[in-house]
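Peer 1:
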Amino acid sequence: MKFIAVCSFGVGSSMILRMSIEKAVRRLGIEAEAENIDISSAKGIPCDAVFTSIQIAEEIGDSWNVPVYGVQRYMDVEEVMRAVQKYLDEHPQ
Amino acid sequence: MEIIRKENMRIHLHANSWQDALYQAGMILVEDESINKEYIDAMVQSIETHGPYIVLMPGFALAHAEPSEHVLKTEMALAVFDEEIDFHSINGPVRLIVVLASLNKTSHLERLAAMASKMMDDETLIERIIHSKSIDEISGLINDELDLNQAS
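Protein chains in written order, with my numbering: chain A, 710 to 802; chain B, 8 to 159.
1) Within its chain, find whatever has a CB closer than 8 Å to the CB of V786(A); leave out the 5 residues flanking it on each side and keep chain order.
2) Nearest CA to the CA of S717(A): which residue from A741(A), N745(A) and M710(A)?
3) Going by alpha carbons, who is nearest to R135(B) out of L29(B), D39(B) and V87(B)?
4) If I'm right that R17(B) touches I35(B) with Cβ under 8 Å, what's the distance once you round it to whole angstroms?
5) Threshold first: 4 residues or longer. Then list the alpha helix (DSSP H) segments lying entirely within the stretch 727-780 of chain A, N to C.
6) On the criterion of 16 or more Cβ atoms from any shown chain inside 10 Å, does T131(B) qualify as buried, or is it exposed?
7) To the nearest angstrom, report how far apart P755(A) and K711(A) are at their CA atoms.
8) Where A70(B) and H95(B) are concerned, what is the direct C-alpha to C-alpha distance, given to the nearest angstrom?
9) Taking three-plus beta-carbon pairs below 8 Å as touching, is the stretch 23-30 of chain B in contact with the stretch 769-778 of chain A?
10) Contact check, L85(B) vs M724(A) under 8 Å by CB: the rounded distance?
11) From the beta carbon of K80(B), is the nearest beta carbon of chain A less than 9 Å away?
12) Against chain A, with Cβ distances strictly below 9 Å, would K112(B) count as a contact?
13) Is the beta carbon of A108(B) sitting closer than 9 Å to the one on E82(B)?
14) Cβ of I47(B) within 9 Å of Cβ of G66(B)?
15) Rounding to the nearest angstrom, what Cα-Cα distance links I10(B) and I104(B) in this structure?
16) Within the same chain, show all residues whose beta-carbon is closer than 8 Å to that of S750(A), passing over the 5 residues directly before and after it, in chain order.
17) What number of angstroms, rounded off, separates the C-alpha of M64(B) from the C-alpha of T761(A)?
18) Just to confirm, does F94(B) get its C-beta within under 8 Å of one of the non-hydrogen atoms of the ligand ATP?
19) Tell me the residue span of the alpha helix (DSSP H) that contains E787(A).
20) To the nearest angstrom, report how far apart A121(B) and A72(B) are at their CA atoms.
21) What does the alpha-carbon distance come out to for the pair A714(A) and A743(A)?
22) Classify P801(A): buried if its beta carbon has 16 or more other beta carbons within 10 angstroms, exposed otherwise.
23) For D48(B), which of helix, strand or coil comes out of DSSP?
24) Within 10 angstroms of its Cβ, does M50(B) collect 16 or more other Cβ (buried), or is it exposed?
25) Just checking: is the beta-carbon of S729(A) within a distance shorter than 9 Å of some beta-carbon in chain B?
26) Which whole-angstrom value describes the C-beta separation of H138(B) and D89(B), a residue pair presumed to lie in contact below a C-beta threshold of 8 Å?
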């Protein structure tokens, strides 16, 4: 699986979200890689799911061909785990 | 590793708006000759466009804009405000702002990752920084090498 973390510039917030995703993935015991990227480059990048802020998730909506999940507290690994779990539940492998 | 230099930390700041708070926090790096003022404008612009997603956790904002010619060197600054600053974020008001300026997409990563990892592993760290009595105390919480080596 490949997840991407998205913010406006792909350097600050999204990098921190990527770290939380990596920690969440380890705790969930699943095989997945994560990458952080800016919003303008992210569209069309092949991946299984996109994680970003609630507001950017609403901005993107369903205009991308991948599931998008909003995260409120980027450093709350428990919340990120719930978001990743939601993806897993909605997209059984 | 020193994550944020003590010279770039300020406490007991006061701001009357989130824009004012970003300006004051950004000015630490202007005075340090790491950025010019246009970088602060870009940080404000980013929030106006994409919302206050820089409020990563309750109480804490990671202010940053895109690497550009307005960044003169990769650097971070830390500002603690005496009052709560309202960014209109679902994560609530902010008292701690860390400003990130990066020359490119990688030069800041090690230091930012070290700080973020500490905050993820210790849920009380942001509150402890906010309620620190001195810059030495904050530096002790953030720049502690021993903890860095243990961070996962």
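Every residue, glycine too, gets a C-beta built ideally from N, C-alpha and C. On a predicted model such as this, the values are computed, not experimentally measured, just so you know.
Peer 2: This is what the structure gives:
1) S729, K732, A733 and R736
2) Nearest in C-alpha terms to S717(A), of all of A741(A), N745(A) and M710(A), is N745(A).
3) V87(B)
4) 6 Å
5) 748-751 and 763-769
6) Exposed, by the Cβ-count rule.
7) 8 Å
8) 15 Å
9) no
10) That belief does not hold up - the Cβ atoms of L85(B) and M724(A) are roughly 18 Å apart, past 8 Å.
11) no
12) So yes, K112(B) belongs to the interface.
13) Yes. Within cutoff.
14) no
15) 15 Å
16) G719
17) 14 Å
18) The ligand ATP is absent from the structure shown, which contains no ligand whatsoever.
19) Note, E787(A): alpha helix (DSSP H), V786 to E799.
20) 20 Å
21) 7 Å
22) exposed
23) The three-state secondary structure of D48(B), taken from DSSP, is helix.
24) Its Cβ being crowded by 16 or more others within 10 Å, M50(B) is buried.
25) yes
26) Between H138(B) and D89(B), the beta carbon gap of about 11 Å keeps them out of contact (Cβ cut-off 8 Å).
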